[in-house]
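To start, the structure under review is shown below, and the notes come after it.
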Amino acid sequence: MYKYIIFDFDGTIADTLDAGLPIYNEMARKHGFKEIRNLEGLRSITLREFIKRHKISRLRFLFYLRELLKRLNKDMNIVKPYKGMDNVIKKLNKRYKLGIVSANSKENILKFLELNDLKYCFDFVYNYQLFLGKSQAFKKIIKGKKLSKDDIIYIGDEDSDIIAAKKAGIKIISVTWGMKNKNMLKNNEPDFIAEKPEDILLFLEKEKAL
3 MYKYIIFDFD GTIADTLDAG LPIYNEMARK HGFKEIRNLE GLRSITLREF IKRHKISRLR
63 FLFYLRELLK RLNKDMNIVK PYKGMDNVIK KLNKRYKLGI VSANSKENIL KFLELNDLKY
123 CFDFVYNYQL FLGKSQAFKK IIKGKKLSKD DIIYIGDEDS DIIAAKKAGI KIISVTWGMK
183 NKNMLKNNEP DFIAEKPEDI LLFLEKEKAL
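If you read the sequence shown in my numbering, its first letter stands for residue 3, the second for the next number, and so on.
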């Protein structure tokens with residue numbers, strides 16, 4: 003049985019796209035790179051492909067991302083959980099310890115959790131630096147909390163989450179309501195694909211029974 007269920011934040015728990023997209027496109031106009039017009043197209047390409055198509059260097063992308071997250075803080079009051087995710091989190095909190103690992107700022111995440119009555123559900127929020135990679139964050143958590151790799155499972159919405167989880171040697175549930183579509187996720191072979199929040203509970207019940 004898992005000791006910790008660890009979540010990604012953007013695109014997994016919180017629907018930050020509606021608030022973040024106008025900010026991104028405003029920055030695009032200001033700095034002279036391409037705006038995002040086709041969201042479904044965005045869900046079928048990797049981050050590397052996105053950077054290449056939009057003609058942004060990786061360093062500039064990281065700079066713009068930090069600016070976006072800083073500005074997003076003002077709009078966290080309009081960011082809501084994906085439908086059903088708040089109930090799933092509250093149910094999981096009764097059986098497991100929960101955490102969040104995200105590139106979003108700790109300030110933004112805690113503000114969201116507070117506004118949506120979810121703060122009490124989480125044991126920790128870990129903000130990692132993109133250039134260091136998410137797999138390193140997993141390894142630090144495993145070491146810091148004296149866990150084994152089998153003690154935790156990650157829940158995320160991107161192909162990069164699957165790659166990072168495999169690199170760290172932990173299991174992953176991929177969700178289809180976030181930044182990447184089902185085909186993109188399936189191609190990277192996660193342990194399970196959830197098409198609605200309740201699927202997470204069903205998978206964990208089956209795992210518990212094994």
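All residues carry an ideal CB built from backbone N, CA and C; glycine is no exception.
- A direct Cα-Cα distance of roughly 17 angstroms separates D20 from E160.
- In this structure, I174 lies away from I165, with their beta-carbon atoms at least 7 angstroms apart.
- Straight-line measurement puts the Cα of G86 at about 15 angstroms from the Cα of L115.
- With fewer than 16 other Cβ atoms inside 10 Å of its own Cβ, L41 counts as exposed.
- Straight through space, the alpha carbons of M29 and F35 are spaced by roughly 8 angstroms.
- Shown here, I172 sits in coil according to DSSP, grouped into three states, outside any helix or strand.
- Every alpha helix (DSSP H) of 4 residues or more that sits fully in the region 134-162 is shown, in chain order, as 136-146.
- In the DSSP assignment, V127 falls within the unbroken beta strand (DSSP E) covering 124-129.
- Taking C-beta separations shorter than 6 angstroms and ignoring five residues to either side along the sequence, the partners of A167 in its chain run Y156, I174, following chain order.
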